[in-house]
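If you read the protein sequences in the order shown, they are chains B and G.
Residue numbers for the first sequence, in my numbering: 23 to 173.
Residue numbers for the second sequence, in my numbering: 23 to 173.
Below: the structure, in structure tokens.
There are 2 protein chains.
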Amino acid sequence: MFRKILYPTDFSAAAGKALEYVKKLKEAGTKEVVLLHIIDGNELEAMVETCMWKNEDVGKCEKEIERRMKQKAREKMKKIKEELEKEGIKTKVSVRIGKPFVEIINVAKKEKVSLIVMGSHGRSVVEEMLLGSVAESVIHHASVPVMIIKR
Amino acid sequence: MFRKILYPTDFSAAAGKALEYVKKLKEAGTKEVVLLHIIDGNELEAMVETCMWKNEDVGKCEKEIERRMKQKAREKMKKIKEELEKEGIKTKVSVRIGKPFVEIINVAKKEKVSLIVMGSHGRSVVEEMLLGSVAESVIHHASVPVMIIKR
Numbered sequence: 023m024f025r026k027i028l029y030p031t032d033f034s035a036a037a038g039k040a041l042e043y044v045k046k047l048k049e050a051g052t053k054e055v056v057l058l059h060i061i062d063g064n065e066l067e068a069m070v071e072t073c074m075w076k077n078e079d080v081g082k083c084e085k086e087i088e089r090r091m092k093q094k095a096r097e098k099m100k101k102i103k104e105e106l107e108k109e110g111i112k113t114k115v116s117v118r119i120g121k122p123f124v125e126i127i128n129v130a131k132k133e134k135v136s137l138i139v140m141g142s143h144g145r146s147v148v149e150e151m152l153l154g155s156v157a158e159s160v161i162h163h164a165s166v167p168v169m170i171i172k173r
Numbered sequence: 023m024f025r026k027i028l029y030p031t032d033f034s035a036a037a038g039k040a041l042e043y044v045k046k047l048k049e050a051g052t053k054e055v056v057l058l059h060i061i062d063g064n065e066l067e068a069m070v071e072t073c074m075w076k077n078e079d080v081g082k083c084e085k086e087i088e089r090r091m092k093q094k095a096r097e098k099m100k101k102i103k104e105e106l107e108k109e110g111i112k113t114k115v116s117v118r119i120g121k122p123f124v125e126i127i128n129v130a131k132k133e134k135v136s137l138i139v140m141g142s143h144g145r146s147v148v149e150e151m152l153l154g155s156v157a158e159s160v161i162h163h164a165s166v167p168v169m170i171i172k173r
């Protein structure tokens, strides 16, 4: 039931709290964790726009932003991976660019996980009410159980 | 983290599946379960309307409907309680009348549970999209982690 967990993280406090639950679930049989970070495609696009304002080579600027964001994410992921492996949980790291809830659902399917454990916090109360948080979209679309840890 | 679980059930297949997760969490430290069933106040009201159609004494008819619904629920709850206690998990039973997600949040606070485990299934796709399922409302309003088991 808890053998393979997908743990998506945006490095927020809520995600950090969710990591403690992932570790604790080892007692109930967790052997493997897929550690996922999604670089929000919309955010990336917004950053690329600043390249245009500065009249920079957009293609080159975009690649540079992407490279830096991925690198930053991988450094943070490495630390979490080490934490999980210290607990004796096999850990696979994945960094993707896209719409967060869509990528979470895609990875959950591809990796055939038995559970998704994630933090929840809307960016703002208004956004959460209008669009639903990432967590709620995941619950709507996931076919496996989802555990949501609140901020 | 998993010491005291609130397990709300509407006796659906999704809720039945969620019960298996509750049992499994014993391995991660679950000692106590609050088993909760909510008789939907709107449903009860709709049933009371049929008393009016039949020109029956509404007050008496309402009490009778309520009594039967509670009794039916308590019989089903008794079986689930026995199942949980057989696993060595202390179980407290509660039957309430009201708006399901509101009562779930109220009991979670009152009982100071550490986790809510519940099944999720909208009555219809349209209702789920318009109003959000009970599970989604619980996630919105709960301050403790919520684990959602899909149908």
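We put the CB at the ideal spot given by N, CA and C, even for glycine.
Within-9 Å CB hit, residue i to chain A
| i | result |
| --- | --- |
| Ser34 of chain G | The structure shown contains no chain A; its protein chains are B and G. |
Residue from the options with nearest C-alpha to residue i
| i | options | result |
| --- | --- | --- |
| Arg173 of chain G | B:Arg173, B:Ile161 and B:Lys48 | B:Ile161 |
| Ala95 of chain G | G:Asp79, G:Glu42, G:Ile60 and G:Glu104 | G:Ile60 |
| Ser155 of chain B | B:Ile170, B:Ser165 and B:Arg118 | B:Ile170 |
| Phe24 of chain G | B:Asn128, B:Lys98 and B:Ala50 | B:Ala50 |
| Val117 of chain B | B:Ala164, B:Gln93 and B:Ala40 | B:Gln93 |
| Glu109 of chain G | G:Glu71, G:Ser34, G:Val55 and G:Leu66 | G:Val55 |
| Gly81 of chain B | B:Trp75, B:Ser165 and B:Val70 | B:Val70 |
| Pro122 of chain G | G:Ala35, G:Asn64, G:Lys39 and G:Leu41 | G:Asn64 |
| Lys85 of chain B | B:Trp75, B:Glu97, B:Glu67 and B:Lys98 | B:Glu67 |
| Ala164 of chain G | B:Ser165, B:His143, B:Asn128 and B:Ser159 | B:His143 |
| Met91 of chain B | B:Asp62, B:Glu78 and B:Lys76 | B:Asp62 |
| Val5 of chain B | G:Phe33, G:Lys39, G:Pro30 and G:Thr31 | There is simply no residue 5 of chain B to check, as chain B begins at 23 and stops at 173 in what is shown. |
| Ile33 of chain B | B:Asn128, B:Lys98 and B:Leu137 | This sequence places Phe at residue 33 of chain B; Ile is not what is there. If we check each option's Cα against that of Phe33 of chain B, B:Lys98 comes out closest. |
Proximity of residue i and residue j at Cβ, strictly below 9 Å
| i | j | result |
| --- | --- | --- |
| Ala130 of chain B | Leu28 of chain B | yes |
| Glu135 of chain G | Lys53 of chain G | Correcting the residue type first, residue 135 of chain G is Val in the shown sequence and not Glu. No, the Cβ-Cβ distance between Val135 of chain G and Lys53 of chain G is not below 9 Å. |
| Leu44 of chain G | Val168 of chain G | As written in the sequence, residue 44 of chain G is Val, which differs from the Leu given in the question. Result no, Cβ atoms of Val44 of chain G and Val168 of chain G do not sit closer than 9 Å. |
| Gly141 of chain B | Ala37 of chain B | yes |
| Val124 of chain B | Lys100 of chain B | no |
| Thr113 of chain B | Ile126 of chain B | no |
| Glu105 of chain G | Leu41 of chain G | yes |
| Glu158 of chain B | Glu158 of chain G | yes |
Beta bridge counterpart(s) of residue i as assigned by DSSP
| i | result |
| --- | --- |
| Lys54 of chain B | Residue 54 of chain B is actually Glu in this sequence, not Lys. For Glu54 of chain B, which the question treats as bridged, DSSP gives the partners B:Lys26 and B:Lys112. |
| Val79 of chain B | This sequence places Asp at residue 79 of chain B; Val is not what is there. Answer by DSSP bridge pairing: none, since Asp79 of chain B is not bridged. |
| Lys45 of chain B | DSSP output for Lys45 of chain B lists no bridge partner at all. |
| Gly174 of chain G | There is no way to answer for residue 174 of chain G, as the model of chain G reaches only from 23 to 173. |
| His59 of chain B | B:Val117 |
| Ser142 of chain B | B:Lys172 |
| Leu137 of chain G | G:Ile27 |
Contacts that residue i makes with chain B (C-beta to C-beta distance below 9 Å)
| i | result |
| --- | --- |
| Lys46 of chain G | Met23, Phe24, Ala50 and Gly51 |
Where residue i meets chain B, residues with beta-carbon distance less than 8 Å
| i | result |
| --- | --- |
| Ser142 of chain G | Ile161 |
Under 8 Å from the C-beta of residue i: neighbouring residues of chain G
| i | result |
| --- | --- |
| Tyr29 of chain B | Per Cβ cutoff of 8 Å: no residues; Tyr29 of chain B is ~14 Å from chain G at best. |
Interface residues of the segment 152-171 of chain B facing chain G [CB-CB below 9 Å]: Legend: CB atoms of the segment 152-171 of chain B lying less than 9 Å from CB atoms of chain G belong to residues Gly154, Ser155, Ala157, Glu158, Ile161, His162, Ala164, Ser165, Val166, Pro167, Val168, Met169, Ile170 and Ile171.
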